[in-house]
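Contents: one structure, followed by commentary.
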Amino acid sequence: MRINLPTPRTLVRFLLCFVAGLHVLSLGGNYLYHGLGYHNVIPAFAWWTTFFNVDKEKNLPTWFSGALLLLTAYVLWEIANSVRGRGEKYAKHWRILSVVFAFLSMDEITQMHEMSRKMGLVQLGKASYLSWIVVAAPFVLVFCVSYLKFLFHLPVRTRLLVAGGGVLFVLGAVGMEVVGAFVGRDVSGNVAPGAGYMEYLLAASVEELCEMLGVITFCYAMSVYLYDRQQQDLAAAPGAPVQLAAARARRQPVPTSAGRHSDTAAR
């Protein structure tokens, strides 16, 4: 199944607006509830604050993050198809990346890493909510090193965007996670409710924001890379000027199957 995605610029604008809305609702609702003590602003206000809370699980921010990772996996899979279709190198690398992001999406939605912590599968020291970092770090490092050659074959702009997205994500996943561990959390990972909770939520919001922006940056880089390849494929096809002008007029991604109908377009 092929999905017609909007242009990379339109896509990233939508994603950024959605992220901004999530954080406004999360901080605003929790400030009213925990900071000012307004517990009955609307019916079931406590439930709504949890539903939009970027630091809670199985709610709108979690589903958005999972969908964002899955979208990135889809874009990577389409790039792999394009690379394989041209007979170029690194098709397997693209597919592996796609599978990794699909797994991360599943983990985000199902919270498998949280379940493993609760089951005692990942339990190092007292700060058990940080122990996943110790376990995951060596695997992430080996994976990144194995992809260095692949990274440097990408265009400079794409490479810089990928690196920037990675830095943002790691800053959120590790850096702000450590900060959040010392702001409002005890060694069991619990957070005291009330006004003091807002101090912790601010740190947690920065963490989640960095992670989301990191994935959005990476997704944007991959979307631009795929879009450029589609433009190149269309430009190389017979009757390309007509279809290229039409695609630009509609400001839509170029369909990869456009070349198949080039004779009709030429007529």
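Each residue of the sequence shown is one higher than the one before, starting from 143 at the first, in the working numbering. Yeah, the Cβ is synthetic: ideal placement off N, Cα and C, and Gly gets one too.
Close beta carbons around residue i, own chain, < 6 Å, minus the five adjacent residues each side
i: Ala244; result: Ala215
i: Tyr210; result: Looking at the sequence itself, residue 210 is Leu, so the reference to Tyr does not match. Same-chain partners within the cutoff: Val357.
i: Leu157; result: Ile358
For residue i, the nearest candidate out of the options (CA to CA)
i: Pro150; options: Phe360, Asp375 and Ala377; result: Phe360
i: Val312; options: Val298, Phe294 and Cys286; result: Cys286
i: Trp236; options: Ser224, Leu246 and Ser247; result: Ser224
i: Tyr410; options: Leu202, Ile145, Leu239 and Val309; result: In the structure displayed, the chain extends from 143 to 409; residue 410 sits before or after that span and is not available.
i: Leu303; options: Leu343, Ser365 and Leu169; result: Ser365
i: Asp370; options: Pro297, Leu164 and Glu353; result: Pro297
i: Ile145; options: Leu368, Val241, Glu341 and Gly177; result: Leu368
i: Leu310; options: Ala346, Met354, Gly171 and Arg299; result: Met354
i: Val433; options: Leu147, Phe194 and Phe187; result: The structure shown does not extend to residue 433, since the chain spans only 143 to 409, so no value can be given for it.
i: Gly163; options: Leu351, Tyr232, Thr300 and Lys234; result: Leu351
i: Ala222; options: Leu169, Ala233 and Leu213; result: Ala233
i: Ala345; options: Ser168, Val277, Phe156 and Gly306; result: Ser168
i: Val348; options: Asn182, Val196 and Gly308; result: Val196
Buried/exposed call for residue i, threshold 16 Cβ in 10 Å
i: Pro185; result: exposed
i: Phe294; result: exposed
i: His176; result: buried
i: Glu230; result: exposed
i: Tyr342; result: buried
i: Cys159; result: exposed
i: Gly171; result: buried
i: Pro203; result: buried
i: Gly179; result: exposed
8 Å CB neighbourhood of residue i in its chain, flanking five on each side removed
i: Trp205; result: Ile251
i: Thr192; result: Lys198 and Asn201
i: Tyr128; result: Summary: the structure shown does not reach residue 128, with the chain confined to residues 143 through 409, and so no result is reported for it.
i: Leu208; result: The sequence shown places Gly at residue 208, not Leu. Around Gly208: Ser247, Met248, Glu250 and Ile251.
i: Trp190; result: Gly171 and Ile184
i: Leu153; result: Leu147, Cys361, Tyr362 and Ser365
i: Leu213; result: Cys361
Residues of its chain near residue i, where Cβ-Cβ distance is below 7 Å and the 5 sequence neighbours each way are ignored
i: Leu283; result: none
i: Leu218; result: Trp236, Leu239, Ser240, Phe243 and Met364
i: Phe187; result: Tyr175 and His181
C-beta neighbour in chain C for residue i, strict 9 Å
i: Ala379; result: Protein chain content of the structure displayed is limited to a single chain, and chain C is not contained in it.
Segments of 3+ residues assigned as beta strand (DSSP E) that fall wholly inside the segment 199 to 259
none
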